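Below: one structure, written as structure tokens.
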Amino acid sequence: MKKFVTFVFLCGTLLAMAVIVHAQSTIKQISRIEKIKVFLNSTSVEIMDKYTEEGISVYKVYDILNDKYYKLAVDKDETINLYNIVKRGESNKLDDSLKKRMDAANTDDKMEIIVELAFDYTELSNELYRQEQKYYSNQKISVATETEKKSQLKNLKREYIKNKMVAYNKLDKDYKTIAISEYSPFIFLRATKTEIEELKNNDKVFKIGLAHIEPITEYYSASDDFNDSFDSSGGINSNVTVNQNSTYVTRTNIVKSAGVTGTGIKIGQIETRVPNTSNPYLVGHSITKKDDCSLVDSHATEVAGIMVGSTGVAPNASLYSACLFRNYNDTDSNVVSNFVSGINWLISKNVDIINMSARTELNVYEYDTTARWLDAIIYMNDVVFVGASGNEVYANTISSPNTAFNVLTIGSIDYTGTSFAQAAIEAYKSDFSSYTTEAVSGAGAKIVNKPEIVVPGEDINYTGVYGGGVDGTSFSAPLVSGAAALLMQNNAAARNDFTLVKAVLSATARPIDGYYNNYSVSDPNWGKIYYNYHEKVGLGILDTKAAYDLLSWGQYRTSTVAVGTSNSYIYNNTLGNGMDVRVAIAWSKPNTATSINNISYGSDQMADLDLQIIGPNGEKIVKSISTYDNIEWIRFTTNNGYGQYKFKVINWDAYGNTIPTKFSMAWW
Amino acid sequence: MFVSRKILLAIVLIIITGCSYYSINNQKDKLELICIGMNAALDCFHENEEYKYCFSYQGNYLKINDERISFSKAIEEKKVTIDDIINLSKNEDKCSLYKINKNTNEYEDIY
Numbered sequence: 001m002k003k004f005v006t007f008v009f010l011c012g013t014l015l016a017m018a019v020i021v022h023a024q025s026t027i028k029q030i031s032r033i034e035k036i037k038v039f040l041n042s043t044s045v046e047i048m049d050k051y052t053e054e055g056i057s058v059y060k061v062y063d064i065l066n067d068k069y070y071k072l073a074v075d076k077d078e079t080i081n082l083y084n085i086v087k088r089g090e091s092n093k094l095d096d097s098l099k100k101r102m103d104a105a106n107t108d109d110k111m112e113i114i115v116e117l118a119f120d121y122t123e124l125s126n127e128l129y130r131q132e133q134k135y136y137s138n139q140k141i142s143v144a145t146e147t148e149k150k151s152q153l154k155n156l157k158r159e160y161i162k163n164k165m166v167a168y169n170k171l172d173k174d175y176k177t178i179a180i181s182e183y184s185p186f187i188f189l190r191a192t193k194t195e196i197e198e199l200k201n202n203d204k205v206f207k208i209g210l211a212h213i214e215p216i217t218e219y220y221s222a223s224d225d226f227n228d229s230f231d232s233s234g235g236i237n238s239n240v241t242v243n244q245n246s247t248y249v250t251r252t253n254i255v256k257s258a259g260v261t262g263t264g265i266k267i268g269q270i271e272t273r274v275p276n277t278s279n280p281y282l283v284g285h286s287i288t289k290k291d292d293c294s295l296v297d298s299h300a301t302e303v304a305g306i307m308v309g310s311t312g313v314a315p316n317a318s319l320y321s322a323c324l325f326r327n328y329n330d331t332d333s334n335v336v337s338n339f340v341s342g343i344n345w346l347i348s349k350n351v352d353i354i355n356m357s358a359r360t361e362l363n364v365y366e367y368d369t370t371a372r373w374l375d376a377i378i379y380m381n382d383v384v385f386v387g388a389s390g391n392e393v394y395a396n397t398i399s400s401p402n403t404a405f406n407v408l409t410i411g412s413i414d415y416t417g418t419s420f421a422q423a424a425i426e427a428y429k430s431d432f433s434s435y436t437t438e439a440v441s442g443a444g445a446k447i448v449n450k451p452e453i454v455v456p457g458e459d460i461n462y463t464g465v466y467g468g469g470v471d472g473t474s475f476s477a478p479l480v481s482g483a484a485a486l487l488m489q490n491n492a493a494a495r496n497d498f499t500l501v502k503a504v505l506s507a508t509a510r511p512i513d514g515y516y517n518n519y520s521v522s523d524p525n526w527g528k529i530y531y532n533y534h535e536k537v538g539l540g541i542l543d544t545k546a547a548y549d550l551l552s553w554g555q556y557r558t559s560t561v562a563v564g565t566s567n568s569y570i571y572n573n574t575l576g577n578g579m580d581v582r583v584a585i586a587w588s589k590p591n592t593a594t595s596i597n598n599i600s601y602g603s604d605q606m607a608d609l610d611l612q613i614i615g616p617n618g619e620k621i622v623k624s625i626s627t628y629d630n631i632e633w634i635r636f637t638t639n640n641g642y643g644q645y646k647f648k649v650i651n652w653d654a655y656g657n658t659i660p661t662k663f664s665m666a667w668w
Numbered sequence: 669m670f671v672s673r674k675i676l677l678a679i680v681l682i683i684i685t686g687c688s689y690y691s692i693n694n695q696k697d698k699l700e701l702i703c704i705g706m707n708a709a710l711d712c713f714h715e716n717e718e719y720k721y722c723f724s725y726q727g728n729y730l731k732i733n734d735e736r737i738s739f740s741k742a743i744e745e746k747k748v749t750i751d752d753i754i755n756l757s758k759n760e761d762k763c764s765l766y767k768i769n770k771n772t773n774e775y776e777d778i779y
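Going down the list, the sequences are from chains A and B.
Take 1 as the starting number for the first sequence in the working numbering and just add one per residue.
Take 669 as the starting number for the second sequence in the working numbering and just add one per residue.
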């Protein structure tokens, strides 16, 4: 009996404690809302979303009284600030992976590193705008079509960037330089721990990381080439029958059959080696290899064949091929410099798209300086960059630099047939297709959601070099690169804006049964709130026909949404009843930091745009809430009848990000 | 008993030769797995009725006594077994080796 009384007493005490804690928590919440009201000088606010980021409580707040949106950071001491505030006294100059390598290194060990320089992107952006005005005021433009004008303008801008960067990318002391990026403020060095510490204290240096390009610790010789690995032939087994199955399920063949074949579009390829242009499916196609790339292999041949071969997606596009491995004398440092000089060369050739079907380093699961470099290259030079997600069966294995926000990362599904019918596909993620489970929005987000889109990557055989076929995300990515060329051929806007290509491909990607992300959370004001990706297959399967039609029918807008105001962008779209509609917005992740003092919480000053759909009578139908990526995607049915549906874009970064955010919107 | 120096020398020579012969023929091959796979294609180098064996990326290779040899050739010439390659890959964090059931397409990561 005594034991029972003690037990009841203990339970009661615990219950009372729980009630007190809960009450305190509730009081704390109420107190926070009151503090937020005081902070915003408003009597009426609505908490739209809240989560924790790096120990800081983040609130998305709608100031009803003043019709303004805010993103606020509430510190542990209950101090409220606008979200983009400086991390006080903390230097984030070194990537985590570099810190680990330095801990393990001896004093004299040298490391291949990448250094990001602080740079005024706003000034560059203004100057590029002036270049554009100058170009269009020139009456003697030598090309006829709008898409050709965009290409010419892109080239002009890139030349300007190169002149600027070559002069800017210098440090005040001589370090062992491996390579210099000609189209972004990044340099690559081979440095000791002491030198890295020295660089860390240099005001011009913004970030330092390991150059994540796989070191070749054992080098090749000519006799090392053999058939089942780095096959040097790139030739064809005459008994092999090729197929184009992956173009059918993605409806790429329909666009190609209509005569859209990538004419005038330039695609770049960078991977270990370059294609064998003697392969019968590549003969007669426009393929230019970088001068110092002397080694061919089957892999590069097959990837090139998918993009521009006679069996491929865009046979009339021009291909420019660069390599990570030039010759048998290459060292670790050479592989890094080959990557950089390859990207330099491709941008100088004014390519519209770059395909990378190579891994760089395994399991560098980090948004690091190498990924930042690709983001800057893409953002500054307006190039569509398509990367293979990788072939690691485990979750969270997408490696830098494919963790870059602006890269379009492509995974694989296991469907090997030719049917487009949803019921026939029964597609599943290929076991090997890399993905991430930690890319959830808000609390705990570590890596941007990847892959964005999937394409069949099993039993692929466009050039006959792999006998009966080959598996890998290597062969999913080039189908998207080729499809992007088809989209650009007749649409000047798509050729001029990588975010539009991302938005169009995202809006039209077909969700896969069994992987459709119907995640919703309860919200008294909204019916459904989506996380926009499925962690394994992103938004679904590429649908090139839909993407091409979307552009032809003008179902897209490119616009700018100002920050810190109620100037949300709204597109009024008249729609019928009962339609299944998919809407996507995409924007670029800029490297906006001009000095170390501008490092901000979490998303590095990248704008956090949200998408909302409002019905004909003002009904709140659905909104997306992801916070750590640069694509939003919504699927909804127009159950609210015929009428004007509002597609509304809100920029949450109240005052921290001073640059209005340009975005692309597409619907299907 | 008298044994001539010549006979003693011959015996010693025979013993040395025998030992050397034994040593050479019983020396274990030096096996190395070099993991540098960079091409994002699966590298399936061996299969039997039930399974196929693939590295996650192309470009890895074997060295036997410092001589480079492809996986398939090394297995074909019985210089290594598939178990040798599995054991080597266990100690190498840059390589992922899959054993794929050909009937069910199930992947077993045998790292």
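Don't be surprised by glycine CBs; every beta carbon is placed ideally from N, CA and C.
The structure displayed is predicted, hence computed values, not measured ones.
*Are any of the Cβ atoms in chain B nearer than 7 Å to that of A/Val470?*
As a working note, residue 470 of chain A is residue 470 in the first sequence. The beta carbon of A/Val470 falls within 7 Å of a beta carbon belonging to chain B, placing the residue at that interface.
*In chain order, what residues of the same chain have a beta carbon less than 8 Å from the beta carbon of A/Val205, not counting five sequence neighbours either side?*
Translated into positions along the first sequence, residue 205 of chain A becomes position 205. Correct list, in chain order: Lys93, Val115, Glu116, Leu117, Ala118, Leu171 and Leu199.
*Answer yes if the segment 495-511 of chain A comes into contact with the segment 135-151 of chain A, meaning at least three C-beta pairs across the two stretches below 8 Å, and no otherwise.*
They touch, by the three-pair rule.
*Sequence-distant residues of its chain with Cβ nearer than 7 Å to A/Ser481 (five each side left out)*: The residue you call residue 481 of chain A lines up with position 481 of the first sequence. Answer for A/Ser481: Ile267, Met307, Ile353, Asn355 and Val386, listed in chain order.
_I want to verify the contact list: residues of chain A whose CB lies under 7 Å from the CB of B/Ser764, in sequence order._
Your numbering for residue 764 of chain B matches position 96 in the second sequence. In chain order: Glu392.
*Are the beta-carbon atoms belonging to A/Thr436 and B/Ala708 less than 7 Å from one another?*
In the first sequence, residue 436 of chain A corresponds to position 436, counting from 1. In the second sequence, residue 708 of chain B corresponds to position 40, counting from 1. A/Thr436 places its beta carbon 7 Å or farther from that of B/Ala708.
*Answer yes or no: does any C-beta atom of chain A fall closer than 7 Å to that of B/Ala742?*
Sequence index remark: in the second sequence, residue 742 of chain B carries index 74 (1-based). By this cut-off, B/Ala742 is not an interface position.
*Going by Cα to Cα distance, which pick from A/Val407, A/Leu575, A/Phe663 and A/Asn572 is closest to A/Leu609?*
Numbered from its first residue, the first sequence carries residue 609 of chain A at position 609. Residue A/Phe663 is the option with its Cα nearest to A/Leu609.
*Do you know how far the Cα of A/Glu619 is from the Cα of A/Thr638?*
Here residue 638 of chain A corresponds to residue number 638 of the first sequence, with the count starting at 1. Here residue 619 of chain A corresponds to residue number 619 of the first sequence, with the count starting at 1. Each residue's Cα considered, the two are about 11 Å apart.
*Contact under 7 Å by Cβ, A/Val561 with A/Val649*: Here the question's residue 561 of chain A lines up with position 561 in the first sequence. Here the question's residue 649 of chain A lines up with position 649 in the first sequence. In contact: A/Val561 and A/Val649 (Cβ atoms closer than 7 Å).
*Does the separation of the CB atoms of A/Lys68 and A/Trp652 fall below 7 Å?*
In the first sequence, the residue the question calls residue 68 of chain A occupies position 68. In the first sequence, the residue the question calls residue 652 of chain A occupies position 652. No. Outside cutoff.
_When you compare the segment 402-421 of chain A with the segment 456-466 of chain A, are there three or more beta-carbon pairs, one atom per stretch, that lie closer than 8 Å?_
Yes, they touch.
*Simplified DSSP assignment, three categories, for A/Asp332*: Here residue 332 of chain A is taken as the residue at index 332 of the first sequence, counted from 1. Residue state, collapsed to three classes: helix.
*Does A/Ala358 have its Cβ less than 7 Å from a Cβ in chain B?*
Start at 1 with the first residue of the first sequence, and residue 358 of chain A comes out as number 358. Yes, A/Ala358 counts as interfacial toward chain B.
*Which residues in the same chain as A/Ser333 place their Cβ atom closer than 7 Å to its Cβ, once the five residues preceding and following it in sequence are excluded?*
Translated into positions along the first sequence, residue 333 of chain A becomes position 333. Contacts found: Glu112, Ile178 and Arg190.
_Quick check on A/His212 - is its C-beta less than 7 Å from some C-beta in chain B?_
The count along the first sequence starts at 1 and reaches residue 212 of chain A at position 212. No - not a single Cβ of chain B is within 7 Å of the one on A/His212.
*Tell me whether A/Gln422 sits in a helix, a strand or coil according to DSSP, three-state version.*
As a first step, residue 422 of chain A must be located in the first sequence, where it is residue number 422. Residue state, collapsed to three classes: helix.
*Under 7 Å from the C-beta of B/Asp697: neighbouring residues of chain E*: The chain labelled as chain E is not found among the protein chains of the depicted structure, namely A and B.
*Return the first residue and the last residue of the beta strand (DSSP E) that A/Gln269 is part of.*
Taking the first residue of the first sequence as 1, we reach residue 269 of chain A at position 269. From DSSP, the beta strand (DSSP E) with A/Gln269 extends over Lys266 to Glu271.
*Who are the near neighbours of A/Gly641 in its chain, counting only those whose CB is closer than 7 Å to its CB and skipping five residues on each side?*
By 1-based counting over the first sequence, the position of residue 641 of chain A is 641. Same-chain partners within the cutoff: Asn577 and Pro616.
*Helix, strand or coil: which one does DSSP assign to A/Gln131?*
Against the first sequence, residue 131 of chain A aligns to sequence position 131. The three-state secondary structure of A/Gln131, taken from DSSP, is helix.
*chain B beta carbons: is any one of them nearer than 7 Å to that of A/His299?*
Residue numbering aside, residue 299 of chain A sits at position 299 when the first sequence is read from its first letter. Chain B contact via Cβ: present.
*Taking all protein chains shown into account, decide if B/Asn716 is buried (16 or more other Cβ within 10 angstroms of its Cβ) or exposed.*
Locating residue 716 of chain B in the second sequence gives position 48, counting from the first residue. Label assigned to B/Asn716: exposed.
*Pick from B/Leu681, B/Cys703 and B/Leu677: whose alpha carbon is nearest that of B/Asn759?*
Sequence index remark: in the second sequence, residue 759 of chain B carries index 91 (1-based). Checked all of B/Leu681, B/Cys703 and B/Leu677; the closest Cα to B/Asn759 is B/Cys703.
*Beta carbon of A/Leu539, beta carbon of A/Ala509: below 7 Å?*
Here residue 539 of chain A corresponds to residue number 539 of the first sequence, with the count starting at 1. Here residue 509 of chain A corresponds to residue number 509 of the first sequence, with the count starting at 1. Taking 7 Å as the Cβ cut-off, A/Leu539 and A/Ala509 qualify as a contacting pair.
_Expected contact under 8 Å - CB spacing of A/Ser476 and A/Ala388 to nearest Å_ = As a position in the first sequence, residue 476 of chain A is number 476, starting the count at 1. As a position in the first sequence, residue 388 of chain A is number 388, starting the count at 1. Contact holds; Cβ gap of about 7 Å.
*Beta-carbon of A/Asp675 versus every beta-carbon of chain B: anything under 7 Å?*
Residue 675 of chain A is absent from the structure shown; chain A starts at 1 and stops at 668.
*Which class does A/Arg495 belong to by DSSP, given the choice of helix, strand or coil?*
As a first step, residue 495 of chain A is located in the first sequence; it is residue number 495 there, counting from the start. Note: A/Arg495 maps to helix in three-state DSSP.
*Which residue from A/Glu146, A/Arg273 and A/Tyr281 puts its Cα closest to that of A/Val242?*
Locating residue 242 of chain A in the first sequence gives position 242, where the first residue counts as 1. Measuring from the Cα of A/Val242, the nearest candidate turns out to be A/Tyr281.
*Taking the runs of the beta strand (DSSP E) that are 3 residues or longer, which of them lie wholly in the segment 371-414 of chain A?*
384-388 and 408-413
_Can you pull the chain B neighbours of A/Leu65, defined as C-beta to C-beta under 7 Å?_
Position 65 of the first sequence, counting from 1, holds the residue named residue 65 of chain A. In chain order: nothing, as chain B lies at least about 53 Å away.
_Checking the sheet assignment: what are the DSSP bridge partners for B/Tyr721?_
Counting from one through the second sequence, the residue named residue 721 of chain B turns up at place 53. DSSP output for B/Tyr721 lists B/His714 and B/Lys767 as bridge partner(s).
*Got a sec, what are the start and stop residues for the beta strand (DSSP E) A/Lys646 sits in?*
Counting from 1 along the first sequence, the entry for residue 646 of chain A is found at position 646. Where A/Lys646 is concerned, the enclosing beta strand (DSSP E) stretches over Gly643 to Asn651.
_Range covered by the beta strand (DSSP E) that runs through A/Phe188_ = On the first sequence, position 188 is the one that residue 188 of chain A refers to. Looking at the DSSP string, the run of the beta strand (DSSP E) that includes A/Phe188 is Phe186 to Ala191.
*asked:* Taking the beta strand (DSSP E) that A/Tyr569 belongs to, which residues open and close that run?
replied: As a working note, residue 569 of chain A is residue 569 in the first sequence. Per DSSP, A/Tyr569 belongs to the beta strand (DSSP E) from Tyr569 to Leu575.
*Cross-chain neighbours of B/Leu775 in chain A, by beta carbon under 8 Å*: Along the second sequence, one-based indexing puts residue 775 of chain B at 107. Reading off the sequence, residue 775 of chain B comes out as Tyr, not Leu. The answer, in chain order, is Val393, Asp431 and Phe432.
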